[in-house]
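Q:
Numbering (this note's numbering), first residue to last: 258 to 391.
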């Protein structure tokens, strides 16, 4: 406890103080350069905040919402670690030819339909409607 001072060392601990401390630590994880996986460390602090806010009672949809907070609307995640293929250098990713082409029934692009379906499934999971999702 001496090496990691925080609100837990006090005798009169309030839930709000613990949540503010966890928010400060999550922000420090995202801005600090000493950690290798900053987003995962911040996610753990945000999970602690969620546990404090809901008195230790969380369900799967709460965790799903916490996990989806760091993702983009197209389903990709914002990461600060390099990936195996770095598209930031050069002219950017070339448009890959589709294996299946356009949707033969509607004539529309299949990627637009997938993107809409993904957003719909995400909303169902966030609402806790797992059976409808499946």
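Cβ atoms here follow ideal geometry from the backbone N, Cα and C, with glycine treated the same way.
Nothing here was measured: the structure is a model prediction, and the numbers come from that model.
Can you tell me where the alpha helix (DSSP H) with residue 294 in it begins and where it stops?
A: Looking at the DSSP string, residue 294 is not in any alpha helix (DSSP H), and its letter there is neither H nor E.
Q: In terms of residues, what are the limits of the alpha helix (DSSP H) holding residue 320?
A: Residues 317–325.
Q: Quick one: what does DSSP say residue 269 is sitting in, helix, strand or coil?
A: coil
Q: What would DSSP say about residue 376, mapped onto helix, strand or coil?
A: helix
Q: Given a cut-off of 8 Å on the beta-carbon distance, is the pair residue 309 and residue 298 in contact?
A: No, the pair does not count as a contact, with Cβ atoms beyond the cut-off.
Q: Would you check if the distance between the CB atom of residue 323 and the CB atom of residue 307 is smaller than 8 Å?
A: yes
Q: With 16 other CB atoms within 10 Å as the buried threshold, where does residue 303 fall?
A: Burial of residue 303 is indicated by the presence of at least 16 other C-beta atoms within 10 angstroms of its C-beta.
Q: Distance check for residue 326 and residue 378, CA to CA, integer angstroms please.
A: 15 Å
Q: I'd like the list of long-range same chain contacts for residue 276, defined as Cβ closer than 7 Å, with 5 residues on each side in sequence excluded.
A: 306, 309 and 310
Q: Spatial neighbours of residue 320 within its chain, please: CB distance less than 7 Å, with the 5 preceding and 5 following residues excluded, ordered by chain position.
A: none
Q: At the level of alpha carbons, what is the spacing between residue 295 and residue 282?
A: Note on geometry: alpha-carbon atoms of residue 295 and residue 282 lie some 11 Å from one another.
Q: Excluding five sequence neighbours on each side, which residues of the same chain lie with their C-beta closer than 6 Å to the C-beta of residue 279?
A: 302, 305 and 306
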